[in-house]
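In structure tokens:
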């Protein structure tokens, strides 16, 4: 049986195992040690999907990926190519979802903590580290579930600022402080590092 990592697309083949990490041939994914992680990106085994199940679902991209691609392209077209309103609209969608759960954005620290808890809870990333300073903030995403999707969007000409973590973090800070933030982003492993800098009053 073969399984694919949902983050980096590494294939675990149970007939081969993972001899470099002490896993013998013939070991199924469910029988791997609890501390086994993807040898490429370090994500846990519960983020692997059966290749047989993937074939049953659909050809090519999965339904969730297709939905996000369609939504992103739609917003990009309506709001104008490269428009900052695309970033704000996607971020606002996630912020409204958090507000439904009673989340209040009182300061930068609580804003980032709420974003972190939301995305970790839904297994969109393995971990998120952040630091909030006067007028700016940094957020590091580890093992982003949208990593492959964002790379695909970039190849199709859609800027990386459509990233849900980036937009949600920027909008959370805007809610907490009343200021807009300029976004800059860099790839880091199978995730990314986001820098937000205060620019103007809303």
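Residue numbers (UniProt numbering): 1 to 202. Heads up, the beta-carbon is just placed ideally off N, CA and C, and yes, glycines get one too.
- Secondary structure note for residue 154: its alpha helix (DSSP H) is the uninterrupted segment 147-155.
- Judged by DSSP in its simplified three-state form, residue 50 adopts strand.
- For residue 163, the closest C-alpha among the options 98, 175 and 184 is that of 184.
- Cβ contact annotation for residue 48 (same chain, cutoff 8 Å, sequence separation greater than five): 3, 4, 5, 6, 12, 29 and 38, in chain order.
- Secondary structure at residue 200: strand, using DSSP grouped into helix, strand and coil.
- According to the DSSP assignment, residue 188 belongs to no alpha helix (DSSP H) but to the beta strand (DSSP E) extending over 179-188.
- Judged by DSSP in its simplified three-state form, residue 191 adopts strand.
- Separation of the CB atoms of residue 194 and residue 166 is rounded to 5 Å, and the pair is thereby assigned contact status at 8 Å.
- Secondary structure of residue 126 (DSSP, three-state): coil.
- For residue 142, the uninterrupted beta strand (DSSP E) run begins and ends at 136-142, by DSSP.
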